[in-house]
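J.: Below is the structure I would like to discuss, written out as structure tokens.
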Amino acid sequence: MPIKAGRLRSAPKCQPIHHFLCGLPLQGVRMASSSCTFTATLRPSLTPPPALRRSPPTLQSVVSNPLACSLRLKTASRIGVNREKPESRASSAGHVITTEKAKGKVRVLDSEDYLAVSLAEYTAHLSDKFANQRGAFTVVLSGGSLIKSLRKLVEAPYIDTVEWSKWHVFWVDERVVPKDHEDSNYKLAYDGFLSKVPIPPGNIYTINDALSAEGAADDYETCLKHLVKTNIIDVSQATGLPKFDLMLLGMGPDGHVASLFPRHPLVRADKQWVAFIKDSPKPPPERITFTFPVINSSANIALVAAGAGKAKVVNEALGGDDLSSDARRIEMIKAGKPDVVNVAPSADQSLDLLPVEMVSAEGELTWFLDDEAASDLLTCSYWMFD
């Protein structure tokens with residue numbers, strides 16, 4: 001049953017928090033609750049590194065024909081590969097594969113650096129689109145290596161051309177730790193990205209780290225419902241769930257996304273928008289996370305994986321040898337509704353899947369892979385771009 005926005009207990013208010021890097025009050029950064037103030041002891045001042053200003057790398061092949069990759073024959077015949085003409089110089093460092101809707105579009109880039117270039121171009125394009133259409137661009141970040149992959153956005157031309165004032169930033173999951181803690185996804189994003197772009201502090205929505213895991217999850221959900229009510233976040237017409245413009249997801253070597261881990265009961269959660277976990281298989285144990293119905297309601301999902309450590313899971317999610325499991329996965333995600341692909345699988349089915357296999361955007365799902373992450377999926381060949 002679709003989850004719809006409920007009545008708000010109270011509208012979240014913007015409250016200042018102390019910036020953990022400079023020790024000064026940072027006005028406007030939104031915590032999901034105004035029930036208490038942030039009074040943690042501050043660390044000594046640190047100076048964040050300056051934004052990089054290097055130009056994007058020249059995208060040239062080392063051979064006369066671009067080095068591309070093609071799916072192994074058994075996989076290609078199964079998921080229906082369509083090579084597409086590159087849309088830009090960034091995509092000329094790799095190629096695009098189109099699969100059925102449930103699996104999405106797959107971009108394979110020749111290196112992690114080219115992946116970062118392609119991801120920046122993709123994100124900037126969506127930023128322009130939604131800023132013009134809606135007057136706002138809602139972006140959901142994750143932790144881990146995803147933040148590193150956003151590094152090209154802080155360089156020319158994007159640092160000067162993106163309408164950063166229209167961005168509204170959220171987290172698909174967060175560790176229940178202080179914001180200056182090394183495990184904090186906010187700190188990771190601030191150090192690697194947010195400190196280098198002029199997004200208004202009031203458009204950055206952090207968890208209230210003074211609350212328990214359960215309280216923080218409930219509080220963040222209340223904040224989202226308020227932003228849906230005020231039209232900052234769009235709404236899915238199919239489900240009534242928040243419809244974020246762009247969900248940027250990383251993926252763990254075990255196939256987890258957000259804080260939704262393989263065979264954990266939380267992958268079945270479909271009543272809450274934001275859930276909490278106290279027994280995470282990865283430290284720290286206490287976290288909050290979006291549930292799959294909310295993740296899959298997004299207008300666009302970018303699933304980013306780089307490095308050989310992700311190759312096995314990428315192959316299992318996009319390739320694999322079990323045709324019946326692929327058919328079962330697609331059927332359970334669609335749940336008998338061809339135009340709605342954000343319905344959570346049943347309890348028994350979901351525990352048989354990797355969490356990354358359960359990602360299926362209501363809008364568009366695009367995979368960004370470097371050659372190492374795609375190494376179990378692909379074999380190399382030469383072909384000419386038209």
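By the working numbering, the letter at position 250 of the sequence shown is numbered 250, and the numbering carries on one by one without gaps. By construction, the Cβ of each residue, glycine as well, lies at the ideal position given by its N, Cα and C atoms.
Between L141 and L248, is the Cβ-Cβ spacing less than 8 Å?
T.: In the sequence shown, the residue the question calls residue 141 occupies position 141. In the sequence shown, the residue the question calls residue 248 occupies position 248. Yes, the Cβ-Cβ distance between L141 and L248 is below 8 Å.
J.: Just grab the DSSP bridge partners of R175 for me.
T.: For this step, residue 175 is matched to residue 175 along the sequence shown. Beta-bridge pairing links R175 to R287.
J.: Can you list, in chain order, the residues of its chain with a C-beta nearer than 8 Å to that of T366? Leave out the 5 residues immediately preceding and following it.
T.: In the sequence shown, residue 366 corresponds to position 366, counting from 1. Correct list, in chain order: G104, K105, V106, R107, Y122, N300, I301, A302 and L303.
J.: Would you call D160 buried or exposed, if buried means 16 or more other Cβ atoms sit within 10 Å of its Cβ?
T.: As a first step, residue 160 is located in the sequence shown; it is residue number 160 there, counting from the start. Burial call: exposed.
J.: With a threshold of 7 Å on Cβ separation, who are the neighbours of N203 within its own chain once the five nearest residues in sequence on each side are excluded?
T.: For the purposes of this step, residue 203 is identified with residue 203 of the sequence shown, where counting begins at 1. W167, H168 and V169, listed in sequence order.
J.: Can you name the start and end residues of the alpha helix (DSSP H) that E121 belongs to?
T.: Translated into the one-based positions of the sequence shown, residue 121 becomes position 121. Residues E112 to R134.
J.: What is the DSSP secondary structure of A258, counted as helix, strand or coil?
T.: Indexing the sequence shown from 1 puts residue 258 at position 258. If DSSP states are grouped into helix, strand and coil, A258 belongs with coil.
J.: What does a CB cutoff of less than 6 Å around A124 pick up in its chain, not counting 5 residues either side in sequence?
T.: The residue given as residue 124 occupies position 124 in the sequence shown. Within the same chain, A124 has close Cβ partners Y158 and V162.
J.: Straight-line CA distance for A258 to R151?
T.: For the purposes of this step, residue 258 is taken as residue 258 along the sequence shown, with counting starting at 1. For the purposes of this step, residue 151 is taken as residue 151 along the sequence shown, with counting starting at 1. The alpha-carbon atoms of A258 and R151 are separated by roughly 20 Å.
J.: Go through its chain and collect everything with a Cβ distance to E286's Cβ below 6 Å, but skip five positions before and after it.
T.: Taking the sequence shown and counting its residues from 1, the one referred to as residue 286 is at position 286. Counting only Cβ-Cβ distances below 6 Å, and skipping sequence neighbours, we find V176, A213 and K278.
J.: So P355 and V294 are in contact, right, with Cβ under 8 Å, and what is the actual spacing, rounded?
T.: Position 355 of the sequence shown, counting from 1, holds the residue named residue 355. Position 294 of the sequence shown, counting from 1, holds the residue named residue 294. Not a contact, Cβ separation roughly 14 Å.
J.: Could you tell me the alpha carbon to alpha carbon distance between V154 and T206, rounded to whole angstroms?
T.: Numbered from 1 along the sequence shown, position 154 holds the residue referred to as residue 154. Numbered from 1 along the sequence shown, position 206 holds the residue referred to as residue 206. Going from the Cα of V154 to the Cα of T206 covers about 21 Å.
J.: Quick one, which of N132, Y190 and S127 has its alpha-carbon nearest P201's?
T.: As a first step, residue 201 must be located in the sequence shown, where it is residue number 201. The candidate whose alpha carbon is nearest that of P201 is Y190.
J.: Rounded to the nearest angstrom, what separates A238 and K271 at their Cα positions?
T.: Locating residue 238 in the sequence shown gives position 238, counting from the first residue. Locating residue 271 in the sequence shown gives position 271, counting from the first residue. Spanning the two alpha carbons is a distance of roughly 16 Å.
J.: Return yes when the Cβ of I232 is within less than 8 Å of the Cβ of F244, no when it is not.
T.: If you number the sequence shown from 1, residue 244 lands on position 244. If you number the sequence shown from 1, residue 232 lands on position 232. Their beta carbons are not under 8 Å apart, which means F244 does not touch I232 by this criterion.
J.: Taking 8 Å as the threshold (C-beta atoms), are K310 and A373 in contact?
T.: Mapped onto the sequence shown, residue 373 falls at position 373. Mapped onto the sequence shown, residue 310 falls at position 310. It is a contact, given that the beta carbons lie within the stated cut-off.
J.: Could you tell me the distance, in whole angstroms, from the CA atom of S236 to the CA atom of N296?
T.: The residue you call residue 236 lines up with position 236 of the sequence shown. The residue you call residue 296 lines up with position 296 of the sequence shown. Each residue's Cα considered, the two are about 10 Å apart.
J.: Near P253, what residues of its chain come up, given a Cβ to Cβ distance below 7 Å and the 5 sequence neighbours on each side ignored?
T.: In the sequence shown, counting from the first residue as 1, residue 253 sits at position 253. For P253, where only same-chain residues beyond five positions count, the Cβ hits under 7 Å are G309, K310 and V313.
J.: Which same chain residues, not among the five before or five after D183, have their C-beta less than 7 Å away from its C-beta?
T.: As a first step, residue 183 must be located in the sequence shown, where it is residue number 183. Excluding sequence neighbours, D183 sits near R175, V177 and P284.
J.: Tell whether a beta-carbon distance below 8 Å holds between V197 and W164.
T.: Position 197 of the sequence shown, counting from 1, holds the residue named residue 197. Position 164 of the sequence shown, counting from 1, holds the residue named residue 164. It is a contact, given that the beta carbons lie within the stated cut-off.
J.: Going by the DSSP bridge assignment, what does W273 pair with across the sheet?
T.: The residue you call residue 273 lines up with position 273 of the sequence shown. Answer is none; W273 lacks a bridge partner.
J.: From this set, F368, S375 and L377, which residue's C-alpha is nearest S145's C-alpha?
T.: Here residue 145 is taken as the residue at index 145 of the sequence shown, counted from 1. The option with the nearest alpha carbon to S145 is F368.
J.: Report back the beta-carbon spacing between T397 and W273 to the nearest angstrom; my notes put them in contact at under 8 Å.
T.: Nothing can be reported for residue 397: it is not among the residues displayed for the chain, which extend from 1 to 386.
J.: Where do the N-terminal and C-terminal ends of the alpha helix (DSSP H) with T161 fall, by residue?
T.: On the sequence shown, residue 161 is found 161 positions in, with the first residue counted as 1. From DSSP, the alpha helix (DSSP H) with T161 extends over Y158 to T161.
J.: DSSP three-state label for R107, please.
T.: In the sequence shown, the residue the question calls residue 107 occupies position 107. Correct three-state label for R107: strand.
J.: Can you tell me the Cα-Cα spacing of G363 and L211, whole angstroms?
T.: In the sequence shown, residue 363 corresponds to position 363, counting from 1. In the sequence shown, residue 211 corresponds to position 211, counting from 1. Looking at the two C-alpha atoms, the distance is approximately 34 Å.
J.: Along the chain, where does the alpha helix (DSSP H) containing F193 start, and where does it finish?
T.: In the sequence shown, the residue the question calls residue 193 occupies position 193. No alpha helix (DSSP H) contains F193, which DSSP labels as neither H nor E.
J.: Count the other CB atoms, across all protein chains shown, that sit within 10 Å of the CB of C223; report buried if there are 16 or more and exposed otherwise.
T.: Locating residue 223 in the sequence shown gives position 223, counting from the first residue. Counting Cβ neighbours within 10 Å, C223 comes out buried, since at least 16 surround it.
J.: Based on DSSP bridge pairs, tell me the residues matched to Y220.
T.: Your numbering for residue 220 matches position 220 in the sequence shown. Answer is none; Y220 lacks a bridge partner.
J.: Would you mind working out which of W171, H181, H256 and A131 sits nearest I147, comparing C-alpha positions?
T.: By one-based count along the sequence shown, residue 147 stands at place 147. Among W171, H181, H256 and A131, the Cα nearest to that of I147 is on W171.
J.: Alpha carbon to alpha carbon, what distance is there between A305 and H256?
T.: Indexing the sequence shown from 1 puts residue 256 at position 256. Indexing the sequence shown from 1 puts residue 305 at position 305. Using only the alpha carbons, I get a separation of about 12 Å.
J.: Taking the Cβ atom as the reference point for each residue, do G319 and L377 lie within a distance shorter than 8 Å?
T.: Taking the sequence shown and counting its residues from 1, one reaches residue 319 at position 319. Taking the sequence shown and counting its residues from 1, one reaches residue 377 at position 377. Yes, the Cβ-Cβ distance between G319 and L377 is below 8 Å.
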